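**Student:** Numbering (this note's numbering), first residue to last: 856 to 1048.
Next up is a structure, given as structure tokens.
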């Protein structure tokens, strides 16, 4: 693992455990086994380190590599693959998501911009996929960015209710069935008749 990769892995661990506000660059560099000055050679600021953690460990790199794979699949199957990978990524990053949600209102403006830029990247990537299907005559005309937000929002809401708010303790959900039903609802509203 390179020095930069070790720093990113340490930052992910500490941001997940302590949040952006609680994790210090001193702790991150110590956890990575590097000097703090070395950390700042790779990342000019804590904000840049946070941005790189989001860009490396979030769903953004996953969806960017996933879209070319699913373009060959039937629409509903492609949506199911995207949804499953999104939910898997969220579950693998649950600690970071939990702490980010709890401290989001206290983040500096710069961090809000980084976070929203990363979310917009995911939405734009999915919207471009929808645009390609519109051009191919598979999907009807609609605002692809709103549709991408709706699609991702359905699954994020499910994840949040089940994992963050611990709904799974009170009502078990069959993940395959949830994905199938949500995809059917979404496809029903977006496919050309």
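Even glycine gets a Cβ: it sits at the ideal position worked out from N, Cα and C.
No experiment lies behind these values; they were computed from the predicted model shown.
#1: Decide if the segment 931–943 is in contact with the segment 884–895; the criterion is three or more beta carbon pairs, one per stretch, under 8 Å apart.
#2: Rounding to the nearest angstrom, what Cα-Cα distance links residue 1009 and residue 1028 in this structure?
#3: What residue does the alpha helix (DSSP H) around residue 1045 start on, and which one ends it?
#4: Taking the alpha carbon of residue 1017 as the point to measure from, which residue in 949, 999 and 894 has its own alpha carbon closest?
#5: May I ask which residues mark the beginning and end of the alpha helix (DSSP H) holding residue 900?
#6: Taking Cβ to Cβ, would you say residue 1049 is nearer than 8 Å to residue 876?
#7: Tell me where the alpha helix (DSSP H) around residue 863 begins and ends.
#8: Report the rounded CA-to-CA distance for residue 969 versus residue 859, giving the unit in angstroms.
#9: Which of helix, strand or coil does DSSP assign to residue 988?
#10: If contacts are defined as beta-carbon pairs under 8 Å, then residue 940 and residue 909 qualify, I think. What distance do you get, rounded to the angstrom?
#11: Between which two residues does the alpha helix (DSSP H) containing residue 959 stretch?
#12: For a quick check, are the C-beta atoms of residue 977 and residue 905 less than 8 Å apart?
#13: If we ignore side chains and look at the alpha-carbon of each, how far apart do residue 987 and residue 1007 end up?
#14: State the CB to CB distance for the pair residue 883 and residue 953, rounded to an integer number of angstroms; the pair is presumed to be in contact (CB under 8 Å).
#15: Label residue 1047 either buried or exposed according to how many other C-beta atoms from any shown protein chain fall within 10 Å of its C-beta, with 16 as the threshold for buried.
#16: Taking 8 Å as the threshold (C-beta atoms), are residue 863 and residue 907 in contact?
#17: Where does residue 939 fall in DSSP's three states?
**Tutor:** Considering the structure as presented:
#1: no
#2: Locating residue 1009 in the chain shown gives position 154, counting from the first residue. Locating residue 1028 in the chain shown gives position 173, counting from the first residue. Going by the C-alpha atoms only, they are around 15 Å apart.
#3: Indexing the chain shown from 1 puts residue 1045 at position 190. Run containing residue 1045: 1030–1045, per the alpha helix (DSSP H) assignment.
#4: The residue labelled residue 1017 in the question sits at position 162 within the chain shown. Minimum Cα distance to residue 1017 is reached at 949.
#5: As a working mapping, residue 900 is identified with position 45 in the chain shown. It is not in any alpha helix (DSSP H) - residue 900 carries neither H nor E in the DSSP assignment.
#6: The structure shown does not extend to residue 1049, since the chain spans only 856 to 1048, so no value can be given for it.
#7: Stepping through the chain shown from its first residue, residue 863 is reached at position 8. Looking at the DSSP string, the run of the alpha helix (DSSP H) that includes residue 863 is 858–877.
#8: Locating residue 969 in the chain shown gives position 114, where the first residue counts as 1. Locating residue 859 in the chain shown gives position 4, where the first residue counts as 1. Distance between the alpha carbons of residue 969 and residue 859 is about 20 Å.
#9: Translated into the one-based positions of the chain shown, residue 988 becomes position 133. Helix.
#10: Residue numbering aside, residue 940 sits at position 85 when the chain shown is read from its first letter. Residue numbering aside, residue 909 sits at position 54 when the chain shown is read from its first letter. Not confirmed; about 17 Å, so no contact.
#11: For this step, residue 959 is matched to residue 104 along the chain shown. Looking at the DSSP string, residue 959 is not in any alpha helix (DSSP H), and its letter there is neither H nor E.
#12: The sequence position of residue 977 within the chain shown is 122, counting from 1. The sequence position of residue 905 within the chain shown is 50, counting from 1. Their beta carbons are not under 8 Å apart, which means residue 977 does not touch residue 905 by this criterion.
#13: Taking the first residue of the chain shown as 1, we reach residue 987 at position 132. Taking the first residue of the chain shown as 1, we reach residue 1007 at position 152. When rounded, the separation of the alpha-carbon atoms in residue 987 and residue 1007 is 18 Å.
#14: Counted from its first residue, the chain shown places residue 883 at position 28. Counted from its first residue, the chain shown places residue 953 at position 98. Their Cβ separation, rounded to whole angstroms, is 19 Å, which puts residue 883 and residue 953 out of contact at 8 Å.
#15: Here residue 1047 corresponds to residue number 192 of the chain shown, with the count starting at 1. When all chains shown are included, residue 1047 counts as exposed.
#16: Here residue 907 refers to the residue found at position 52 of the chain shown. Here residue 863 refers to the residue found at position 8 of the chain shown. Yes, they are a contact pair.
#17: Mapped onto the chain shown, residue 939 falls at position 84. Here residue 939 sits in helix by DSSP.
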